[in-house]
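Every number in my numbering is 2 more than the matching position in the sequence shown, counting from 1.
Ideal placement from N, C-alpha and C gives every residue a C-beta, glycine not left out.
What follows is a set of notes on a single structure, which appears directly below.
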Amino acid sequence: MIFVLIAGTITPFALLVMSGPLATALLIAVWAGAAAGTVVELVWVNRPKWVSSVVYLIVGWIGAIGFPAIVVEAGAVAGGLIVVGALLYTAGAIVYATERPNPNPAVFGYHEVFHAFVIAAAAAHFAAIAFFALPAA
């Protein structure tokens, strides 16, 4: 499911904001990465957490290919929201992989810290899509 979220976050920008071969290449790359990542998850069920985190980050950062075009077409605020979201997701992946920080494992441990990063990142990307990608449709 995470791979669908990653590809689904990049898709509105590739379809509605970007154009030409770069948009097409970005869509192909991110959805191929999402499909490959899903296969890895299905085949290697007991993989270490760090493997999942690395694959999520690789697929997610494929979107950086289109970043300059998105900033040109959607503006600096859209670009800023995308960067903030990407950095928050990256921090969350690091927390998930390392299981640190783990402030109070019984109440609010590393997994909750991870989810806090994910929620903040998703909010930033949602705002970028809602205010900059969708109006371009």
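- Between residue 33 and residue 9 the beta-carbon gap is near 5 Å, inside 8 Å, which marks them as a contact.
- Annotation: residue 130 to residue 43 spans about 29 Å, alpha carbon to alpha carbon.
- Distance check between residue 35 and each of 117, 58, 78 and 119 places 58 closest, using alpha-carbon atoms only.
- Contact check for residue 62 and residue 15: beta-carbon distance about 13 Å, past the 8 Å limit, so the pair fails to qualify.
- 8 Å or more divides the Cβ of residue 46 from the Cβ of residue 99.
- For the pair residue 83 and residue 119, the CB atoms are not nearer than the 8 Å cut-off.
- According to the DSSP secondary-structure assignment, residue 110 is paired through a beta bridge with 106.
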